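Peer 1:
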Amino acid sequence: MNTKENHTFYRQATILGVVILGGITCCKLWPLLVGTKLIADIDTLTQWYPWHVFGAKWLQRGIIPLWIPHIFGGSPFLALPLTALYFPTYWLYWGGELFWRHSLVVGLHHWLAAAFLFLLLRSWKVSFWGALLGGFLYSWSARSLYAIPWVDRKS
Numbered sequence: 538m539n540t541k542e543n544h545t546f547y548r549q550a551t552i553l554g555v556v557i558l559g560g561i562t563c564c565k566l567w568p569l570l571v572g573t574k575l576i577a578d579i580d581t582l583t584q585w586y587p588w589h590v591f592g593a594k595w596l597q598r599g600i601i602p603l604w605i606p607h608i609f610g611g612s613p614f615l616a617l618p619l620t621a622l623y624f625p626t627y628w629l630y631w632g633g634e635l636f637w638r639h640s641l642v643v644g645l646h647h648w649l650a651a652a653f654l655f656l657l658l659r660s661w662k663v664s665f666w667g668a669l670l671g672g673f674l675y676s677w678s679a680r681s682l683y684a685i686p687w688v689d690r691k692s
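Following our numbering, the numbering of the sequence shown begins with 538 at its first residue and continues without gaps.
Okay, here's the thing in structure tokens:
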């Protein structure tokens, strides 16, 4: 193979690896995708979800929420990094059922983590199978699986 064919093969293999890791993530999060379970824990229910609802509601009205008047007699919202207002996956919260979208964003983060680890390993010239194994093991590690608190949709 010449250099151009080699580069094309490398790119195709890299794209294939990212797609395979997306499929693995879909298998891991199947109950979420079919709508039988949601991802929720105490932090989600008491902190992140209310912030995301507050921010999404105001942004849907075309107003940037600078301040939360409902807690502590008022608190900065835009300046608080945990609200993640500028984080690209936050845009998925706009429109639709917000609680389901929160679960989707968590799933997207798991796929992005596995995919970017795969891409990092590929950039370090690790073989396709080694990089795929690295992304898979990170995606299915105890830390990663522990971070998904499943709740039945009926609850």
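For each residue, glycine too, the CB sits at the ideal point set by N, CA and C.
This structure is a prediction, so every number in the text was calculated from the model and none was measured.
Check whether the region 636 to 646 and the region 601 to 620 touch, using three or more Cβ-Cβ pairs below 8 Å as the test.
Peer 2: Not touching, per the Cβ criterion.
Peer 1: Check for me: the alpha helix (DSSP H) holding Trp-661 runs from which residue to which?
Peer 2: Where Trp-661 is concerned, there is no enclosing alpha helix (DSSP H), given that its DSSP letter is neither H nor E.
Peer 1: Short check: CB of Ala-668 to CB of Leu-682, under 8 Å?
Peer 2: Taking 8 Å as the Cβ cut-off, Ala-668 and Leu-682 do not qualify as a contacting pair.
Peer 1: What is the DSSP secondary structure of Ile-605, reduced to helix, strand or coil?
Peer 2: In the structure shown, Ile-605 sits in a strand (DSSP, three-state: E or B).
Peer 1: Alpha carbon to alpha carbon, what distance is there between Phe-624 and His-607?
Peer 2: Going from the Cα of His-607 to the Cα of Phe-624 covers about 23 Å.
Peer 1: Got a sec: does the ligand FAD put a non-hydrogen atom nearer than 7 Å to the Cβ of Gly-559?
Peer 2: Of the ligands one can find in the structure shown there are none, so the ligand FAD has no counterpart to examine.
Peer 1: Along the alpha helix (DSSP H) that carries Trp-595, what are the first and last residues, could you check?
Peer 2: Run containing Trp-595: 586 to 597, per the alpha helix (DSSP H) assignment.
Peer 1: For the alpha helix (DSSP H) that contains Ser-681, what are its first and last residues?
Peer 2: Run containing Ser-681: 679 to 683, per the alpha helix (DSSP H) assignment.
Peer 1: Sorted by chain position, which residues of the same chain lie with C-beta nearer than 8 Å to Pro-675's C-beta, five sequence neighbours on each side aside?
Peer 2: Contrary to the premise, residue 675 reads as Tyr rather than Pro in this sequence. These residues qualify, in order along the chain: Ala-650, Ala-651, Leu-654 and Ser-681.
Peer 1: What's the C-alpha gap between Ala-679 and Phe-673?
Peer 2: Cα to Cα, Ala-679 sits roughly 12 Å from Phe-673.
Peer 1: Kindly identify the DSSP beta-bridge partner or partners of Ser-612.
Peer 2: In the DSSP output, where bridge partners are listed per residue, Ser-612 has Ile-605.
Peer 1: Is it right to say Thr-573 is buried, meaning 16 or more other beta carbons lie within 10 angstroms of its own, or is it exposed?
Peer 2: Exposed: under 16 other Cβ atoms inside 10 Å.
Peer 1: Skipping 5 residues on each side, what residues in its chain have a beta carbon closer than 8 Å to that of Gly-611?
Peer 2: Once the five neighbours on either side are set aside, the close Cβ partners of Gly-611 are Trp-604 and Ile-605.
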